[in-house]
Amino acid sequence: MKKLSTWMAVGLAMAGTSLNLNGQTDERKQEIVSAVGEQAGDALFSLHQAVNAVADGWVNKTFEEKQALELAASYRDSAELVERLVKGKSDEMEKVTGLLVKQVTALEAWITIGDDALAGTYKKLKAEVDAGLAGGGGLGAQMGAAVAQGETIELKIVKSVAPNGKAGQPGTMTVTRTSKELPLEVMWKYANGGSDRGLCVPFPRSGKMAVFFGEGVHSVSIYKREGKSVTGRWVSTKPGSTLKDIKLTQGASKSEYDIEGGGRMKLDLREGMIANVTWEFQAGKVPGIAVGDNEYLALISMDPKKKAGVALYTMADDAKSATSRWTMAGANGAGEEELVVTAMSPGFLSGPPPAAAAGPMEEAPGAEEGSVEDEIKEVALKLLADMGTLDELRPTGEQLAAIAVSAEDAQLLSVYVKSVYEGLARGNRVAGAKQTEVKVGGPDWKDLAGGYSDVRDRFKPEVKIYEFSYVEPGNDVGMRYDGLIKVEGKWVFIPKAWRAFR
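In this text, residue positions in the sequence shown follow the numbering used here: the first is 607, and each later residue adds one.
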């Protein structure tokens, strides 16, 4: 009877909610169904509508907290099932279903904790999924909705030539700045009815802009070279990412540059001022491509197996026209565009000056004193002696924000940490009586057990996760724990942190 009353409440909530399947047109719905199949498409539409209805019903007190929580938990399982159904069929819908999993997880956390910040997280994710189903979703929080109100520049593409020399599509391009800290949002609409979305990174006090398009892009940067020094700006395509500054210095050759704060960039320049790029960090190598002129370079890091393109736009001195040079993964040359400005907000081309330096895929690491392995052993032995010291390792909200890629992921970690620390029995021993030695593992992701490899992109690239095991003397196998992370000089412990993103 309780189950029936819950579903009746959902029905009432949905009946009283003015949803139109999240704003997608019949053509858009058919496009999605064609891409992922009728079963997955119908499940995706219905599930998102149901999740929205539960949230509205809970806010409007159509049903009780317990009922709402029961449904949210059920829908989270359903969302993960839909995500599996969509996997491998459509990159765009994979990202949308991933956002839907986040949305219902945030709803569950919001109902459980009742925090205003979680309400904001839920609403933001809802808007992203709404936009993704309506068209143009899946590229992160910055592009999940229609171009927002703010400082804008509108341009008309009057001539376009593709990298293969064939004529490109004419159309329009709109660039919007909503904040000095965030990348600019870009929307293209073409004469043939097609469209693209991307992010733009302007170089301060210039008419130069680096723009990306394609779901395979991980970050976009713009560099300016002056002698052997390079300054620039970059942004990750992850939701909520802010603009960051970077400095590099030419190394032994003109194709190698050392990144201030750690790391190296290598350029394989080709004819037409395009290049293959490799960023090298302790965590590994990251591929990319670039296009530029004699002074500026627009770059992206990317998944080379997916659609990924980058363009360098140059505004004319009178700000009445612009040109662009662009390339994409797999192209053998650069395409070109000529554009005219049809509208522009005052001061659009101004921007904040460069500040601190950081690499395009990981922040400059802080200096760590002493041996990391010795520090981990000290932490582990302290826990072995007194499990009550565990609470000293509980991460704060600020520390979680420093670990997670986005605010949404930090919230998910926060909910997980709360449940883990409340459930741990402080009176138990962390290991057997004879397991008195400590072995340390990590921080290479491939060496970590569990599901870390599946959620690597939910942690900031500079995050290093360690594991430790209590073993009997002479043995290599024992009681293993993972999730030890050093944040600004302090160790925090999130056991099996990957589970926060299941």
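The C-beta atom is built at its ideal place from N, Cα and C for all residues, glycine as well.
On the DSSP letters alone, give me the boundaries of the alpha helix (DSSP H) that residue i sits inside.
| i | result |
| --- | --- |
| V688 | 671–692 |
| V978 | 978–991 |
| S652 | 644–665 |
Helix, strand or coil for residue i, going by three-state DSSP, please let me know.
| i | result |
| --- | --- |
| G704 | helix |
| T564 | Outside the displayed range of the chain (607 to 1108) lies residue 564, so it cannot be described from this structure. |
| G804 | strand |
| I1091 | strand |
| D864 | strand |
| T780 | strand |
| S785 | coil |
| D997 | helix |
| V1011 | coil |
| L1054 | coil |
| F588 | No information on residue 588 is available, as it lies outside the stretch 607 to 1108 that the chain covers here. |
| T727 | helix |
| E944 | strand |
| S835 | strand |
| E791 | strand |
| L849 | coil |
| A737 | helix |
| A715 | helix |
| G915 | strand |
| M967 | A caution first: M967 carries a pLDDT of 46, below 50, which makes its placement in the model unreliable, though a value can still be read off. Looking at M967 - three-state DSSP - the assignment turns out to be coil, as it is neither helix nor strand. |
| I1100 | coil |
| V639 | helix |
| G1047 | strand |
| R1035 | coil |
| S951 | coil |
| R811 | coil |
| V841 | strand |
| A773 | strand |
| S1059 | helix |
| V823 | strand |
| K830 | strand |
| Q748 | Bear in mind that a pLDDT of 32 at Q748, under 50, signals an unreliable position, so the number given afterwards is only what the model happens to contain. DSSP places Q748 in coil when its eight states are reduced to three. |
How would you write the range of the beta strand (DSSP E) that residue i sits in, first residue to last?
| i | result |
| --- | --- |
| F887 | 880–887 |
| I895 | 890–898 |
| D874 | 870–876 |
| K762 | 757–767 |
| F819 | 814–819 |
| K931 | The residue asked about is misnamed: residue 931 is Arg in this sequence, not Lys. Element bounds for R931: 927–934. |
| F1074 | 1071–1077 |
| A904 | 902–908 |
Measure how close the beta-carbons of residue i and residue j come, nearest whole angstrom, since I'm counting them as under 8 Å.
| i | j | result |
| --- | --- | --- |
| T703 | V688 | 5 Å |
| L987 | V1044 | 6 Å |
| E886 | R870 | 5 Å |
| T920 | T933 | The pair is not a contact, with the Cβ atoms about 15 Å apart (cut-off 8 Å). |
| R839 | S827 | 7 Å |
| L677 | Q645 | Contact doesn't hold; Cβ gap of about 22 Å is too wide. |
| E981 | W1097 | 7 Å |
| L945 | A816 | 16 Å between Cβ atoms; not a contact. |
| V1061 | F1107 | 4 Å |
| Y829 | L903 | 5 Å |
| V947 | I759 | 6 Å |
| Q1017 | T727 | 5 Å |
| I638 | L675 | Not really, about 29 Å apart at Cβ, beyond 8 Å. |
| S696 | A641 | 4 Å |
| V836 | K850 | About 15 Å; that fails the 8 Å criterion. |
| F1074 | Y1087 | 6 Å |
Taking CB distances under 9 Å as the criterion, tell me whether residue i reaches chain D.
| i | result |
| --- | --- |
| P776 | Judged by its chain identifiers, the structure shown contains no chain D, having just a single protein chain. |
Should residue i be listed as close to the ligand HEM, given that the test is whether its C-beta is under 8 Å from any heavy atom?
| i | result |
| --- | --- |
| G800 | Judged by which ligands are present, the structure shown has none, so any question about the ligand HEM falls away. |
Given 8 Å, three or more beta-carbon pairs between the region 886–903 and the region 790–807: The region 886–903 is not in contact with the region 790–807.
Segment contact, 8 Å Cβ cut-off, at least three pairs: the region 1006–1018 with the region 1088–1099: At 8 Å Cβ cutoff, the stretches touch.
The region 804–823 in contact with the region 913–925 per 3-pair CB rule at 8 Å: As far as the Cβ criterion goes, the region 804–823 touches the region 913–925, which means the pair count is three or higher.
Three or more C-beta pairs below 8 Å linking the region 940–950 and the region 767–781: Yes: the two stretches touch, three or more of their Cβ pairs being nearer than 8 Å.
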